[in-house]
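Counting from 482, one number per residue, gives the positions in the sequence shown under the working numbering.
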Amino acid sequence: MDQSPDVDIRSLVASHYAAVYRYACRLTGNAADAEDVTQQTFLRAQRALSQLRDAERADRWLLRIARNEFLRVPRRPLARMEVDLPAPSVGAKEDAEEVAEALRELAEEFRVPLLLFYFEELSYREIAEELGIPLGTVMSRLSRGRDYLRERLTPEPAPDGSVPPAVRFPPRR
């Protein structure tokens, strides 16, 4: 199928800039690098616009470009990274900051598959294809990434010795 004649870079930017930027924030962990990744994503998209075969899947196409752009450019050390995550309440804000910090600490080889699975909602097979790794490696990296986050995010036992519930990862919708 040929590129839709109604699709141009301006309409893609208008429709998808916010989603690409949010995704880039999750990948990079900070606003400055996310802006760079987002800008590079749309520059690459403009050059490759003829490769967009299905305008209905432009969002996934752009997120794939963003991920590839993130993986292509070396990033600054994680210790200097920060995440701007909006949260509706103080408790939720603290939780979001703790999750963001845990994700920053997670090695890229585990963080990227988790983001692809939970935020892009790719299947194991799609993640394997995107990253060029075996299916078993995807499963292992997801498991190890979840284990790390679970350990990192589970609160310490209370002074009375009671153990809080374990962190559970929600099934995808």
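By construction, the Cβ of each residue, glycine as well, lies at the ideal position given by its N, Cα and C atoms. Fair warning: this is a prediction, and the values are worked out from it, not measured in the lab.
Between residue i and residue j, what straight-line distance do the alpha-carbon atoms span, to the nearest angstrom?
{"i": "A505", "j": "L587", "result": "16 angstroms"}
{"i": "A512", "j": "L616", "result": "32 angstroms"}
{"i": "L552", "j": "D514", "result": "12 angstroms"}
{"i": "E607", "j": "W542", "result": "13 angstroms"}
Check this for me: beta carbons of residue i and residue j, under 8 angstroms apart or not?
{"i": "V593", "j": "Y605", "result": "no"}
{"i": "V488", "j": "L524", "result": "no"}
{"i": "R633", "j": "A581", "result": "no"}
{"i": "G626", "j": "F600", "result": "no"}
{"i": "L597", "j": "L603", "result": "yes"}
{"i": "R538", "j": "L508", "result": "no"}
{"i": "G510", "j": "R585", "result": "yes"}
If I measure Cβ to Cβ from residue i and keep anything under 8 angstroms in the same chain, skipping five residues before and after, which residues do I get?
{"i": "L544", "result": "A500, V501, Y504 and E601"}
{"i": "Y498", "result": "T519 and F523"}
If you drop the 5 nearest sequence neighbours on each side, which residues of the same chain put their C-beta closer than 7 angstroms to that of residue i?
{"i": "V494", "result": "F523"}
{"i": "E579", "result": "L634"}
{"i": "Q521", "result": "E550"}
{"i": "E637", "result": "none"}
Where do the ends of the alpha helix (DSSP H) carrying residue i lie?
{"i": "E537", "result": "Per DSSP, E537 belongs to no alpha helix (DSSP H) and is neither H nor E."}
key: Ranges of the beta strand (DSSP E) found wholly within the stretch 570-639, counting only runs of at least 3   = none
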